[in-house]
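Student: Take a look at the following structure, please.
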Amino acid sequence: MEVAWTSEQRKVIDLRERNILVSAAAGSGKTAVLVERIITMITDEETPIDIDQLLIVTFTNAAASQMRERISEAIEEKLSKEPENVHLQKQAILVHNAYITTIHSFCLRVIRNHFNRIDLDPSFRIGDEGELKLLRADVLERILEKHYEGKEEEFFRFVESYSTGKTDKDLEQMILQLYQFAMSYPWPKDWLKQCVTGYDVKDIDELQKAPWYINMVNTIIFTLQEMVEQMEQLLDICMRVDGPYMYEATLREEKAMLERMIAVQDYVALSECFEHLSFGRLSSKKDENVSVELREIVKKQRDGIKKTVSAISERYFYAPYLQILEDMQKCRESVEVLTTLTAEFIEEYQKVKQEKNLVDYNDLEHYALQILVEKEGNDWKPSEAAKEFQDIFVEIMIDEYQDSNLVQEMLLQSVSRVSQQKYNIFMVGDVKQSIYKFRLARPELFMEKYNSYSLEDSLLQRIDLDRNFRSRGEVLSGTNFIFNQIMMSSIGGIEYNKECALYLGGSYEEPIKERDYEAEVMVIDLDSSNTLDEENKKSSLLENKDYSARELEAKAIAMRIKELINEENGLKVIDKKTKEYRSVQYRDIVILLRTMAGWAETFTSILMAEGIATHTGSQTGYFSTIEVMTLLNLLRIIDNPLQDIAFAAVLSSPIVSVTGEELALIKGSYQKQSLFEGCRQYAIEGSMPKLRDKLKSFFEQIKRFRKLAVYTPIHELIWIILDETNYARFVAAMPAGEQRKANLDMLIEKAIVFESTSYKGLFNFVRYIENLQKYDVDFGEAEIANETDDTVRILSIHKSKGLEFPVVFVSGMGKTFNNQDARAKLIMHPDLGIGADYVDYELRIKAPTLIKKAIQKQIQMENLAEELRVLYVALTRAKEKLILTGAISKLESKIINWSQNLNTKEKLGYRAISEAGSYLEWVLPALIRHPDSKEFLEVFEIGVDYADLPFSREAKYFLRFIGFDDLVKEEVVKQVLEEDAKEELKQGFCSKQDDEELLKSFEERLNFSYPYQELQNIHTKMTVSEIKKMGQNQEEENQGVALIQEEVPVPLLPRFLAGEEELRGSELGVAYHKVLQLLDLKHISKKEDIELQLEKMVEEQKLSKEAKESIRLVLIEKFLQSGIGKRMIHAHKEGRLYRERPFVIGVKAKQIKESFDSEEMVLVQGIMDAFFEEEGEIILVDYKTDYVKSEKELRNRYRMQMDYYTQALEMITGKKVKERILYAITLGKEIVF
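Numbering-wise (my numbering), the sequence shown opens with residue 1249 and increments by one.
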């Protein structure tokens, strides 16, 4: 069916030969439109282009893969209609190598092709993040040590002034932070020099030319203008019939005073204005006709204005200007020391990486910049290499443009044709969703074009996509209602108006129940009554439990989820597949949090306790899990057993199982020796035979492990340890065993990645892990949940970007904003430089400089802008139901204060937005201006004429305030009843102990055993593998030692902190089976033919790149040269070979298992790897990748499976199976059954 594009979407698809900025609102279908534009360009009837003439840049590897897949599918769809179209056939081939990539992958491609231009060894590799972090730590340590040894006075003064504690951790963090800021600029060292020149202010004229000063004055003037506007609103109130007219004269004088200050730009003059600033005294005249409420509103609003103006004076005009200049000049030395240290770090770090032939992601950008850009003074021009790319690329397409930085902007500009005055850059994004400030994204690049590009037909054109095809109208109108009031250009960087608002693009059926889909706000009032009646107080719930705000909020969410999933009265949502209404399930619900730390654990705990299945991807805690700590301690003592703490931990673990009393006995017997030496002595002469034997056995294991550690790869050593100590089996049997086992597997994964770094050996691995812990690198526990599991998911708002969910809870909205980055002694800003405190460490004096105060305010405002955008992303994830939740204290006083903003302006006001400390302090002031809040405000005796408020009546909100009683009373009652029931049962049973018949009845019921228990394990359908496992000891399945030692360890698991996956276990087996299924045996004569066919499988997306890299060609070659391999090749050439053939046969239950005493028919299904005909009879072939101790083990393990294959083949073909051959790939042997 043909897609009905909107007129704006059609423009995006069809317009050419210009720079285009597409401002695409959330859910506007930007990806679909981008794909259609690409397809239209490559299928244009007049001037079609090839897909590899486009550079398509996406934000993530996943997005690039998805984009490539969607383009490929679109080409295939076109080809199905025009199968003879040669151009389309060519595109179907080219798409697999087209420039559909992230910016870093593009940079890598540039460097690989032009490494000679920058004198770089082409065999470089991208360093693992953990490895790079350790390298950075080593380099920093060496640099600081060098300066300590140099005894430089400037360095010592800097350390004394800005370092705290007994370590250099603060200094290291400052250098690393400044390094990251510098590397986000095209010329890092130039930027560092500019940071120092900000302190070269000899007089007030030079100060007033500084960018930070201009920015500061603009902030002051804008704030004063906002105060003048508020004064005008107060004057309007005074002029009402019942307004406080007696205040008018004073307010007009004060308004005029503020207007005069706005006209002043000079710092000295402004300082004098604030010094002589004086607000008058309001008239005390009384008049019964004047509204008391309006009088109070004017007083409170005026007090707020006075407070804001006073804050400006305290922040920027706190001392005489000569003193301010002197303080800044004294800070110059410290800033220069810091920038010098950072420049040294850049050079040394680069040298170390070059020695190890490593690059990081910053290097990729800057090396590519060196190749593509030639610097000319303060300007730049494209290099010859860039011009080559200009000739290739007809258009540069940039997705998620709002998240670009300055380096990426220059890179993509250089390969565009803009330098030739030909505009061919297509940018798409949404500045309202720019939430990566911490990665130094520059949304102002987007805004610069957003404000300068024309909406009319032009060479620099902007197109707005405002139709949302994701969400219900209720979600959109609710989101618009809030952001119309709180997002403004002075704070959020963009004015939320009709151009930016979300408009309904999709269609939903009429709701089953009226108001079911309205947006909700659940506010937990932390000051509500927490007193329950005496009967309920006896519950241990309140006696022993102090609920935190997070726990109360989680309980409120749990209560609402139970209401939503109720089959009869709950919410109905549209099923994605059937397109019909159905009841909400847990998997439809997501809880979004601004930060996961501390919150996710609490929410998960409370929801699980309420019986709600919940999943959250843990972000921390990996190294603190008992199984990982135990294994790491064992590795430590294998490396060096003279570590008492690690040794004691292993002894007391299940690996050795020494009790506390036994440890005390050993230590008490050998007090002057280390624990290791004491244990070794006790193993020889100890008095307890059982303990002696345990220690002897353990020391034998340690001796063996220490020998293995010399030459065995770390991941293999861990495998051996887990197998020989049985520790993996032990943790698998513990509660949450699957998770614990996954954590151990994850440690093996980290070991595999470690082996690929520049560090080697057990000692370095232990140090590697210890340093990761030291520098707060944590991974979170291993992920074992599936997205299709029926669980409520808890995600961070950042993780949810780009996703959508039927029901969204945006929670933790009462959490205070994080402004730590604006409170440090040294603060940094990418445009304004470094803000330092003036510190005299001898006199122990510290004072903030003016530049720091200016930068501090700018950071605070940018943080607020980021929080606005994060909130927008959260609200726009919901498809059908949006619920906002948060906990708040002092609700009544805050509501009364916020009610002062019930003015007739659409925006809340600069002061109300800029002074907010949490999401709730934005959302609630906006919502109490909504007509649905009328009844609530009346509780606080606040009357509102909503007819005066200029808001859309489309938005509907259900405001719900929840107290402590509402959340815990039901649970308390439930616990009381349970306790009473237990007590009654106990007393009733105790009073009838002598009743033998009652006791007998209890025993019979409690010991009842269902007589047909075994038969319930019969399934109507089973696979051959399931039957095999049923008849085989599970322990045997998990055991096995390789008969051969691999020359090179095959990478099995995902790369550490990167997105590349490699295969292991069953996944590796599947990969080998896939290859043997797809190989064209007719065209293989040498090893290179196999390699070429594997590459073709990857290109055709029949085999993943990770699978290909995990396949060992030597094993495939050995198979094809074996007797059975040659017979299969011969059969294939004659068309007698059949591979991967499925079957289903009927078998009686008792044939499957003797204990199944039943004639019931069971369907057995499976897939045969291969079979072929020879002289009218069948030869059955099966491949296996198991690591086993002997051929006999393979025979025993798979005999039953081969029997079923034989039975199926003979039933299907009517021919006899002459031979049954199992080929063990890792052994390279044929095993005949």
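The beta-carbon is built from N, C-alpha and C at its ideal position, and this holds for glycine as well.
1) Hey, Leu1956 and Leu1970: beta-carbon distance below 9 Å or not?
2) Indicate whether Gln1513 and Val1476 have their beta-carbon atoms separated by less than 9 Å.
3) For Lys2463, which three-state DSSP category applies?
4) Here's a check: name, in chain order, each residue in its chain whose Cβ is nearer than 6 Å to the Cβ of Tyr2086, leaving out the five neighbours to either side.
5) Could you round the C-beta distance between Asp2055 and Leu1819 to whole angstroms and report it? I think they count as a contact, below 8 Å.
6) Could you check how far apart the C-beta atoms of Val1283 and Ala1322 are, in whole angstroms? I think they sit under 8 Å.
7) Report the rounded CA-to-CA distance for Lys1399 versus Arg1405, giving the unit in angstroms.
8) Nearest to Phe2206 by CA position, among Thr1295, His1963, Pro2179, is which residue?
9) Does the Cβ-Cβ distance between Thr1467 and Met2076 come in under 9 Å?
10) Do three or more CB pairs link the segment 2374-2389 to the segment 2346-2358 at distances below 8 Å?
11) Quick check: Phe2013 and Leu2215, are their CB atoms within less than 9 Å of each other?
12) Count the other CB atoms, across all protein chains shown, that sit within 10 Å of the CB of Asp1448; report buried if there are 16 or more and exposed otherwise.
13) Mind checking Asn2067: buried by the 16 CB within 10 Å criterion, or exposed?
14) Tell me the DSSP secondary structure of Ile1711 in three-state form.
15) Going by C-alpha to C-alpha distance, which of Ala2418, Asp1438, Glu2441, Gly1275 sits closest to Ile2372?
16) What is the C-beta distance between Ile1644 and Ile1673, in whole angstroms, given that I count them as a contact (C-beta under 8 Å)?
17) Please classify Ile1341 as buried or exposed, where buried requires at least 16 neighbouring CB atoms within 10 angstroms.
18) In the structure shown, what three-state DSSP assignment does Val1761 receive?
19) Taking a contact to mean a Cβ-Cβ separation below 9 Å, would you say Gly1723 touches Lys2127 in this structure?
20) Rank Leu1707, Leu1620, Glu1696 by C-alpha distance to the C-alpha of Ser1737 and give the top, closest one.
21) Under three-state DSSP, which class holds Tyr1975?
22) Is the beta carbon of Met2448 less than 9 Å from the beta carbon of Asp2430?
23) Once DSSP output is grouped into helix, strand and coil, what is the label at Asn2286?
24) Return the residue from the list Leu1518, Ile1594, Val1540, Ile1319 that minimises the CA-CA distance to Asp1438.
25) Cβ of Phe1729 within 9 Å of Cβ of Ala2122?
26) Can you name the residues that DSSP bridges to Gly2414?
27) Since Ile1374 contacts Val1600 with CB under 8 Å, what's their CB separation in whole angstroms?
28) State yes or no: is the C-beta of Ile1914 within less than 9 Å of the C-beta of Tyr1930?
29) So, using beta-carbon positions, are Arg1953 and Ile1932 closer together than 9 Å?
30) Would you mind listing the alpha helix (DSSP H) stretches within the segment 1458-1508 that are 4+ residues and don't spill past its ends, in chain order?
31) Exposed or buried, which one is Ala1252 when buried takes at least 16 other CB atoms within 10 Å?
32) How about Ile1854 and Ala1802: are their beta carbons less than 9 Å apart?
33) If you draw a straight line from the C-alpha of Ile1462 to the C-alpha of Asn2111, how long is it?
34) How would you call Tyr1959, buried or exposed, if buried means at least 16 neighbouring beta carbons within 10 angstroms?
35) With a CB to CB cut of under 6 Å and the five nearest residues on each side skipped, what residues in its chain are close to Tyr2453?
Tutor: So, to answer that:
1) The answer is no: Cβ separation not under 9 Å.
2) Contact flag unset, no.
3) It is coil, neither helix nor strand.
4) The beta carbon of Tyr2086 is closer than 6 Å to those of Asp1575, Lys1578, Cys1579, Ala2095, Thr2097 in its chain, skipping five residues each way along the sequence.
5) Residue identity differs from the one stated: residue 2055 is Val in this sequence, not Asp. Sure, about 7 Å apart at Cβ, within 8 Å.
6) Between the beta-carbon of Val1283 and that of Ala1322 there is about 6 Å, and that keeps the pair under the 8 Å contact cut.
7) Straight-line Cα distance between these residues: approximately 11 Å.
8) Comparing Cα positions, the closest option is Pro2179.
9) Their beta carbons are not under 9 Å apart, which means Thr1467 does not touch Met2076 by this criterion.
10) With fewer than three CB-CB distances shorter than 8 Å, the segment 2374-2389 does not count as touching the segment 2346-2358.
11) No, the pair does not count as a contact, with Cβ atoms beyond the cut-off.
12) By the Cβ neighbour-count rule, Asp1448 is exposed, with fewer than 16 other Cβ atoms within 10 Å of its own.
13) That one is exposed.
14) Correct three-state label for Ile1711: strand.
15) Taking each of Ala2418, Asp1438, Glu2441, Gly1275 in turn and checking the Cα distance to Ile2372, the smallest one comes out for Ala2418.
16) Ile1673 and Ile1644 do touch by the CB rule: their CB atoms are close to 5 Å apart, below 8 Å.
17) When all chains shown are included, Ile1341 counts as exposed.
18) The question names Val, but residue 1761 is Lys in the sequence shown. Assignment of Lys1761 by DSSP, reduced to helix, strand and coil, places it in the coil class.
19) At residue 1723 the sequence reads Val, which differs from the Gly that was named. Yes, these two residues count as a Cβ contact at 9 Å.
20) Residue Glu1696 is the option with its Cα nearest to Ser1737.
21) Secondary structure of Tyr1975 (DSSP, three-state): helix.
22) In this structure, Met2448 keeps its C-beta atom at 9 Å or more from the C-beta atom of Asp2430.
23) Its pLDDT being 38, under 50, Asn2286 is placed unreliably by the model, and the measurement read from it follows with that caveat. Correct three-state label for Asn2286: helix.
24) Of all alpha-carbon atoms in Leu1518, Ile1594, Val1540, Ile1319, the one lying nearest the alpha-carbon of Asp1438 is that of Ile1594.
25) For Phe1729 and Ala2122, no; Cβs fall outside 9 Å.
26) Note: Gly2414 is bridge-paired with Phe2391 in the DSSP secondary-structure output.
27) Going by Cβ atoms, the distance from Ile1374 to Val1600 rounds to 15 Å, so no, they are not a contact pair.
28) Yes; because the gap between Cβ atoms is below 9 Å, this pair is in contact.
29) Sequence check: residue 1953 is Phe here, not Arg. For the 9 Å CB-CB criterion, Phe1953 and Ile1932 do not form a contact.
30) Here the runs fully enclosed are 1459-1486.
31) In the assembly as shown, Ala1252 is an exposed residue. Its beta-carbon has fewer than 16 other beta-carbons within 10 Å.
32) Yes, they are a contact pair.
33) So the two alpha carbons sit approximately 20 Å from each other.
34) Exposed, because fewer than 16 other Cβ atoms sit within 10 Å of the Cβ of Tyr1959.
35) Hits under 6 Å: Met2416, Leu2428.
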